[in-house]
Each structure stands twice: as structure tokens, then as C-alpha cells.
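Input: a single structure, listed below in C-alpha cells.
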Amino acid sequence: MPYIPYTRQQQQIMLETIGLRSMDELFQDIPSPLRSPEFDVPRGKSEMQTVEHLRHLASLNSTGLKSFLGAGFYDHYIPAAVSALVNRSEFYTAYTPYQAEASQGSLQALFEYQSTMCRLMDMDYANASVYDGGTAIYEAMMMAVRQTKRRKIIISEDINPIYQSMLKCYTKNLHLELIVVAQKDGLPDLETLQGALDDSCAALVVQNPNFFGYILDYSDLFSAARDNGVVSIISVYPIMQSVLKTPGEMKADIAVAEGQSLGLPLSFGGPYLGIMTCIRKLIRQMPGRVVGRTQDVKGREGYVLTLQAREQHIRREKATSNICSNQSLCALQALAYVCLTGPDGMRSIAAKGMELARYAASRLCSIQGVEMLNQAFYGNELAIKLPMNAYDLLSRMIPQGFVPGFPLGRYYPGMEDCLLMAFTEKNSQQDIGMLTELMRGIIEG
Amino acid sequence: MKTIFAHTVEGRVSPHTCECGSQPEQMLPAELCRSGQPDLPRLSELDVVRHFTKLSRRNFGVDANFYPLGSCTMKYNPKFTEQVAALQGFTELHPLLPQLRGAGLYTQGALQVIYELEELLCAITGMDAYTLQPMAGAHGELTGAMLMAAYHSKKGNDKTQIIVPDSAHGTNPSSAAIAGFDVVTIKSRDGIIDPEALSKVVNDRTAGIMMTCPNTLGLFETHLSEIVEMIHSVDGLLYYDGANLNAILGKMLPGKAGFDVVHLNLHKTFAAPHGSGGPGSGPVGVNSKLEPFLPVSRVVRLEDGQFFLNYDYPDTIGYIAPFYGNFGVMLKAYAYILRLGREGLLRVSENAVLSANYLRKRLESHLHIPHNRICMHEFVASAVKQARKGVRAVDIAKALLDKGHYAPTVYFPLIVQECLMVEPTETESLETLDQFVDDLIDILSRVESDPESVKQAPRFTPVERLDEVLAARSMQLCG
Chain A
1 MPYIPYTRQQ
11 QQIMLETIGL
21 RSMDELFQDI
31 PSPLRSPEFD
41 VPRGKSEMQT
51 VEHLRHLASL
61 NSTGLKSFLG
71 AGFYDHYIPA
81 AVSALVNRSE
91 FYTAYTPYQA
101 EASQGSLQAL
111 FEYQSTMCRL
121 MDMDYANASV
131 YDGGTAIYEA
141 MMMAVRQTKR
151 RKIIISEDIN
161 PIYQSMLKCY
171 TKNLHLELIV
181 VAQKDGLPDL
191 ETLQGALDDS
201 CAALVVQNPN
211 FFGYILDYSD
221 LFSAARDNGV
231 VSIISVYPIM
241 QSVLKTPGEM
251 KADIAVAEGQ
261 SLGLPLSFGG
271 PYLGIMTCIR
281 KLIRQMPGRV
291 VGRTQDVKGR
301 EGYVLTLQAR
311 EQHIRREKAT
321 SNICSNQSLC
331 ALQALAYVCL
341 TGPDGMRSIA
351 AKGMELARYA
361 ASRLCSIQGV
371 EMLNQAFYGN
381 ELAIKLPMNA
391 YDLLSRMIPQ
401 GFVPGFPLGR
411 YYPGMEDCLL
421 MAFTEKNSQQ
431 DIGMLTELMR
441 GIIEG
Chain B
446 MKTIFAHTVE
456 GRVSPHTCEC
466 GSQPEQMLPA
476 ELCRSGQPDL
486 PRLSELDVVR
496 HFTKLSRRNF
506 GVDANFYPLG
516 SCTMKYNPKF
526 TEQVAALQGF
536 TELHPLLPQL
546 RGAGLYTQGA
556 LQVIYELEEL
566 LCAITGMDAY
576 TLQPMAGAHG
586 ELTGAMLMAA
596 YHSKKGNDKT
606 QIIVPDSAHG
616 TNPSSAAIAG
626 FDVVTIKSRD
636 GIIDPEALSK
646 VVNDRTAGIM
656 MTCPNTLGLF
666 ETHLSEIVEM
676 IHSVDGLLYY
686 DGANLNAILG
696 KMLPGKAGFD
706 VVHLNLHKTF
716 AAPHGSGGPG
726 SGPVGVNSKL
736 EPFLPVSRVV
746 RLEDGQFFLN
756 YDYPDTIGYI
766 APFYGNFGVM
776 LKAYAYILRL
786 GREGLLRVSE
796 NAVLSANYLR
806 KRLESHLHIP
816 HNRICMHEFV
826 ASAVKQARKG
836 VRAVDIAKAL
846 LDKGHYAPTV
856 YFPLIVQECL
866 MVEPTETESL
876 ETLDQFVDDL
886 IDILSRVESD
896 PESVKQAPRF
906 TPVERLDEVL
916 AARSMQLCG
């Protein structure tokens, strides 16, 4: 009986204490027609057999590919100290800190996480995380809807299309009007976005760098939004935030992010981290957990979950959101990562990706027919145009050990010849050189 | 304890930097760059390691403390699952890889995990199909409610209401509301759903019912078959909140009992640690009626044994998660299920229910137990007697912290006054259960002899009683 400590004799004592004769009587409330003998699960394995099986499955996944795949999810180096700290069982085997005095470690860490995210984004408040970057945008939209009591949302088409799909799914039954303003050659159509803002709009959603890797200043657009009483929401890439003009400097109302790049492994899609920050005025609309600083009876500093009156366990169907779990451990992981890299380290990691992207741009554009999608400023991710279908290029390069990037045609019809390539400190000039020559061979024949 | 920011020393260089030939400002115009560097900690690696190690010592976790937190199923998390989830072949895998033509071959192991875990969950709950995408239990509830909406909309049913008993989890009504439904609450009788009360609210508008079974009082809904019939008779759907599945694992298959939608909490029943509040994983299972509406992508197995992602489901509700869910959490649950197997899983529910009833019985003469009969994996006690002496449930909870136990869930469910909801799970030894009883009895006897001492608890935790009102008023949420 793995992990069950009772001896037969102890079970007997316990049954006698309860006043029962058999284990079966414990389930007397389940009517017998519902008591199912079917339970078609294989016999248990030993720990060794289970680990061997999982090792085998892990080995079926190739991690030896040279990859330039990003599209919002980035392969950064994770310092060993990050996992050493997060793997302390006092953190990972704890539950939601309902009893603050016995959970000061988690609570203080979350307070520090909130503080760190506010500093990175230049915003007033943060929550203690939501599920991922996509749900963060959705929750931000809903904050705007509650705040403005309006139902129209303007979305720039160059925000991550994976998140656009999620937003459509989440709002299907909510009578919200999502207006997607088309991108042009990978850039947001600022004029049309501005033109769409009026006093029936709840929110405007943009991304920086955008999905195509381009960096923009949305200050003017946010100012126009403010004039119309529209809540400005910006989704960012946290590593680049150490370099780029901040959501606070642009005067955004809500800044959100996918926190995966801050020390979380790609791990086939999760768990990730939804970062949410906002200006002072919107804090009561903020969903999820929030940790606040307070004092104990002796005047010592301590931390508790606060503003809980908005939450599902008190307000039930009137709650701000239905969020119950968050991504605490991932938030802790991101905090540890930020502390270990510091502002200079994070800036150098961002700069390295940008430098490699520029190097790649110069090399790749030497291939006949390859050019930049446009001449706008970009960060560590770049979009190029190919003289062939990007999917076809991929299927010829992958068997040779290279994943050159993400084919934009998957989400943007008409862009079948475009490729989105990401660069982090884990790539090298040498790899980019090999990639270029392989690509040249395929394209130039 | 000082915050991490207080350790910063100007000029100290953090350990993890990259060598880079150029400055960002050389690559971007100034107007696109931030005006100064973010004010983040500048620390040595040892500074960071010491700080977090000290923080960890200010936490209770299952590895060090009994955690009888009702409805949370805080059982022991076997260590080997951490090891398998950390295998490089899983952690370094980019989620977009299988979506590129020809690259699915490089993710066969991960896709197999998803496929087989879905199959195992089908077997465990009697459902026909699963999605592993929901990233937490409440996220699963929302997904389930959205599936119910999609079913009715496809059939052209004009159904706007979801019934939620007052003994259901607090997230149920909010999930239903967020999926666009009106919530109709019904009162329980004797701790369970009263079919008569239910029949008064079931009508053509009823889209379905969200049930927690066993409910938050730890009681099995004994009128289940009657309820199933009543809801199905108006083409309503039954939603099973599987957060309490630990109680019935292998004893009852919700799918066979008539439920149409089920969510599970992999981090509870299947022992993936919950990381101080997340990440979780909340897969949703459905019967064949609802299968066409499941989120995409779905992992399918081809005849040649290969796994691939299929998006071709015209009635799908769409994308609940960016990819396939919290894969790292799924891996732990998958490994746990394989390790326990059929017999192991059956013993989980038996021993979880045994330990809950044992605690209930040992405590019944000391605390008021409103529904004092055979319970499932948890039970609810009430400190109403103690409250008359001025000692409330929260005081008893805090006093337990001083004894080295985490506290039961307090003030939930909302339908019991001064409640303490206790869930011991199957992995705690009899010695631990007895120690808990002794410690609780000691606290309760002090309620009689020296109530003030209980109200002053906790005294031996890193901080003493914290002022929650001050926190809400002063709103210091970052520093």
C-alpha cells in the first residue's frame, strides 16, 4: 500500500472506534447500484519501474534540436539556484496560505513578487499571479468591463494569436463585443486603433514587443484611450521589460505578461505564470489573490492575504472572478530568478538576444530572396519574408536538426512565406551561421 | 524579517549576467527605452539563497506538518514524481514543436503522457473523454460550465440557469456566473440536497446542476439517482465537482452514476504538490453527449501508434489554455497513478474515509458535529459551544498552529456556524491523528479553564496574530 501508513491492526482499531465491522461499511451512503466494481486501471508498478517508464517517455522527446522557436515562450537559461530554492519542500508542499502565521514564508515571497513586478512594469499594484499570460489578458479585460460598465473591447491583431483564440473562447457567452483591428506587415494599425476608441469601449489591448517582435511606444494611443474613458491594457515580455519603455511610462492602466521567461522551463506548455499589474484606481477590480503587509499584535511586520471580500469563497456568484488557485510556486520561481539576475543581468540577457537577432538578420538577409518583414525596431525576435512557403522550409530543416522558427501563416492568412525567429542567450553566432547555410542551401538550391 | 530589497547593496553585481558586445541603447532609439533601470535587488547568489532558505523556514508544509485542511486534500506528495517532472526530455520541450509540420515526431513521449493520462482518468471516473487543458480546479469548473452552454446552444435549448446547492464549493456559483449563467441556489436539508427543494426550481430554463459529492459537509448526496433523473428529464446536465474525488476513488464512477461533466483536481487526489497555492491542474471529463465540445487541441493516436494533435472538431468551445494544460503537474499525477495502480487507488479512498471517520468519532464528545454520521473523506465540526465562551473557530485554529499542526479550514462551508472542516487524508499515521486529537482536546479544555490563552494564540509561530483589518485598510501591497 504505497504511502498509506496504517497496519491491519490499526485499521481494525480505527474501525472499532467508529463502530464499524468492515471498510465496506464506510461507504454505506453510496447506494449499491452506484457502487461500481468496474475500475479498469492497470496494476501498480514499483517506484523504479515507474521512473524507468517515464525516463523512456522523456527520451522519446528530442531536446537536441537547435531551436529558434519563441512566439511568446522563450528558452532562457535557468540558474541552478532557482530550482534549488523552489524545490524546498516547505514551499512546494504547502497550500494556499489561509493561516497567515504558519505561512509567512510564502506570503512574504508573494509580497516580494508583487513588489518586483510593480517595479519591473512601473505600475502601482500587482496580484499574486493568475494561470498564464492569456488568462491575465482575459482577467484584465474583465476588470475593464467591471470598471467601465461597457462591453466593447478593441484588440490589436498583433497580440499573441494564441491568446486571441483564448479570449474568443472565454467571452463567447458573455455578450462582449471583441473588435480585432488588423495588423499591417506585422505592425499595429495605430490610426485605426485610435479611431475605434469611443465612449462605448471598455478596453484597448496591445502588446509590446508585439507578436512579430516589433517594439512600439503606445503613449499616444493610451492617452487617446484615457480621453475616452477606455482602460488601456498592455501585454509585455518581462525580460525585455528591463530595457523597454515601461507600461507605467506609457501610462497604461493594466500591464500583464506571461512570466515563463523568468526562470520557468518551457515544459511543454506549463505550468506558466500570469503576471498582472495595475494602477491604483483599479485595485478593487483586480482578480485573484493579493498579499498585503500588516502587523502582528506585537507590532512586528507580517503578511496576509487581503482584499478577500472580492473573492469566490465570500461572494460566490457575485465574486470578481472564479479564480481559486494561482501559480504561487511559479511566482516564487520568477522572484528567485529576478533576484539572481538583478537589473544588470536581466538587461544583459535582453541585450544578448537582441544582438543575436541583429546578427541573424544580417546573415539571413544575405540569402537570395530573404528580407525583413519591415524596417521597424525589433527586440530579440524577428520576422522575415522567405521566397518560399515557411512550412515547407521547416519540414526540410527539422529532420536536419534545426527548428528555424514559427511559420506566421499558421495564424495570419497571407503570411505563409513569413517566419518568426527568436533568439536568447542559449543560442550562439555559430548556430546562427549553421542555420543560415542550411537555409541558404534549401532556398538557393 | 527584512524583505529581499533591504539586502541590496548598490554596486553589487548579480551573478547571472551575459557577456554582450552592445548596449540596448545602441540597438534601439532612446524613446523606446525605459528611462532608468528597474529598481530590482542587487545581490550575491548566497544572499538570495539565504533569504529564500530563511523564508522557507517560516512556512508549514506537508513534509513537516500535519495539514488537515478540509476540501484541500493535503496528502503526502511522493518524491519520485518531482524527479520525473524534472527530466530534461520534458522540461526543455517547446510547446509549439508538435504544431509544426513534421515536428510532432520529436514530442511523442510528451503526447503519449497526455493521451494515456486522459485514458486513465476516463477509467477512474467512468467518463468517455477528457481534456487536460484547465490549469486549476476552478478553471475546470469554468470549462465544464462552458461545455454545458455549448451543448444547449447547439441543441437550440434556451437555458439560462444553473442550480448550485448551498453545500457546494464556493467556486461553483462564480464559475457558472462567469460562463454566463444565472445561478439558482438551493438550501440543503440534513446536510444534503433536498429533492423537494430541487424539484421546485427545476424547470425548462435549467441548464444543469453543479454538485459537490461528497459535499462540503463531507456527506454523500444520498438522493443522487433521483436528482440525476430530475435534471435529465428537462435535458439538464449534471456537473460533478471532483475536488472531493479522494473520497470515492474506485468506489463510485461519476460517469456511471449519471454525471455528464466532471472536473478533477490532479494536485489533490493525485498528489501533485500545490506549491503554496498553485500550480494546480483541473482536467475535465465528459460523456459522449458533450465530447464534441471539448477544447482543442486534442491528442489522438493513429493506427500506426503515433500520437498527433487534432484540431478538427467543428463544435469545440475553443482554447481554454495556450497549449495542453499544466504539463508539469500532469506528469506528477500520471506517475502517481501508474505507481499506485488499481489496488493502490482503491485503498486511497478506503483509508482516507477511515481516517476522517476516526477523527470525527474521537472528537464528537469535544466539539459539536452538526451532521454526526458516517462521513466521507472529511467532516465539519462547529465551535458554537466554545464561541459562547468567547473563543471562536479561528482562535482554535490558531492554537493548533502552536501545536505544530496546520489548521482545519475555518468558516467554510458558509452554512455551518463557527465551522472547522477537517480532512486528514490517507497518508497520515494513526500516531499523528492521535496526537492531533490530544492537542485539540488540550486546546478545548483550555477554552474552559483559560479562554484568554487560546485567544492569544499563536505564540510560537514566526509572527503572532496578524491584523487583517489593518492590511485591508492600509493596502500596502508592494514595497
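As you go down the protein sequences, you meet chains A and B in turn. Okay, so the first sequence: first residue is 1 according to this note's numbering, each after it adds one. Okay, so the second sequence: first residue is 446 according to this note's numbering, each after it adds one. All C-beta atoms in this analysis are idealised placements derived from N, C-alpha and C, irrespective of residue type, glycine included. Values in this document were obtained by computation on a predicted structure and should not be read as measured data.
Asked, Found
"For a minimum of 4 consecutive residues, which ranges assigned as the alpha helix (DSSP H) are wholly contained in the segment 196 to 262 of chain A?", "219 to 227, 247 to 250"
"What is the rounded straight-line gap between the Cα of residue 612/B and the Cα of residue 338/A?", "43 Å"
"Taking only three categories from DSSP, how would you classify residue 576/B?", "strand"
"Between residue 283/A and residue 124/A, is the Cβ-Cβ spacing less than 9 Å?", "yes"
"In the DSSP output, what is residue 275/A paired with across the bridge?", "257/A"
"Using a Cβ-Cβ cut-off of less than 8 Å, give me the residues of the segment 565 to 585 of chain B that come near chain A, in sequence order.", "565, 568, 569, 571, 580, 581, 582, 583, 584"
"Between the segment 543 to 560 of chain B and the segment 743 to 755 of chain B, can you find at least three pairs of beta-carbon atoms closer than 8 Å?", "yes"
"Taking residue 80/A as the reference, give the member of 546/B, 491/B, 760/B, 505/B with the closest Cα.", "491/B"
"Taking the alpha helix (DSSP H) that residue 161/A falls in, what are its first and last residues?", "161 to 171"
"State the beta-bridge partners of residue 295/A as determined by DSSP.", "301/A"
"Give me the Cβ distance between residue 350/A and residue 236/A, rounded to the nearest whole Å; I'm assuming they're in contact under 8 Å.", "At roughly 12 Å, the Cβ-Cβ gap does not stay under 8 Å, so residue 350/A and residue 236/A are not in contact."
"Measure from the alpha carbon of residue 482/B to the alpha carbon of each residue in 95/A, 385/A, 61/A, 119/A, then state which is nearest.", "119/A"
"What residues in the segment 870 to 899 of chain B have a beta carbon less than 7 Å from any beta carbon of chain A?", "871, 872, 874, 875"
"At a Cβ threshold of 9 Å, is residue 330/A touching chain B?", "yes"
"State the start and end residues of the unbroken beta strand (DSSP E) segment that holds residue 423/A.", "Counting along the chain, residue 423/A falls outside any beta strand (DSSP E), and DSSP gives it neither H nor E."
"Applying a beta-carbon distance threshold of less than 7 Å, which residues of chain A neighbour residue 449/B?", "112, 339"
"Three-state secondary structure (DSSP) at residue 306/A?", "strand"
"I need the boundaries of the alpha helix (DSSP H) containing residue 568/B, first residue and last residue.", "553 to 570"
"Mind reading off the beta-carbon distance from residue 676/B to residue 647/B? Whole number of angstroms is fine, and I expect it under 8 Å.", "7 Å"
"Enumerated in chain order, which unbroken segments of the alpha helix (DSSP H) with a length of 4 residues or greater are wholly contained in the segment 12 to 51 of chain A?", "none"
"Can you name the residues of chain B whose CB is closer than 8 Å to the CB of residue 108/A?", "446, 448, 500, 503"
"So, residue 258/A versus residue 238/A, is the Cβ gap smaller than 9 Å?", "yes"
"For residue 530/B, count neighbouring Cβ atoms within 10 angstroms of its own Cβ and tell me buried if that reaches 16, exposed if not.", "buried"
"Please name the residue, chosen from 796/B, 673/B, 459/B, 451/B, that lies closest to residue 871/B on a Cα-to-Cα basis.", "796/B"
"Can you pull out the residues from the segment 661 to 686 of chain B whose beta carbon lies closer than 8 Å to at least one beta carbon of chain C?", "Reference to chain C is not applicable here, since the protein chains of this structure are A and B."
"Among the candidates 884/B, 844/B, 869/B, 716/B, whose CA atom is the shortest distance from the CA of residue 512/B?", "869/B"
"Can you tell me whether DSSP reads residue 136/A as helix, strand or coil?", "helix"
"Closest to residue 708/B by CA distance: which of 923/B, 864/B, 578/B is it?", "578/B"
"Determine, using beta carbons only, whether residue 417/A comes closer than 9 Å to chain B.", "no"
"Using 8 Å for Cβ pairs, my map puts residue 330/A next to residue 582/B. What's the rounded Cβ distance?", "Contact doesn't hold; Cβ gap of about 17 Å is too wide."
"Just tell me which of 157/A, 173/A, 114/A has its CA closest to the CA of residue 587/B.", "173/A"
"DSSP three-state label for residue 591/B, please.", "helix"
"Taking C-alpha atoms, which residue in 525/B, 843/B, 820/B, 484/B lies nearest to residue 636/B?", "820/B"
"Going by the CB atoms, is the gap between residue 540/B and residue 779/B shorter than 9 Å?", "no"
"How would you write the range of the alpha helix (DSSP H) that residue 358/A sits in, first residue to last?", "328 to 364"
"List the residues of chain A whose Cβ lies closer than 8 Å to the Cβ of residue 857/B, in chain order.", "313"
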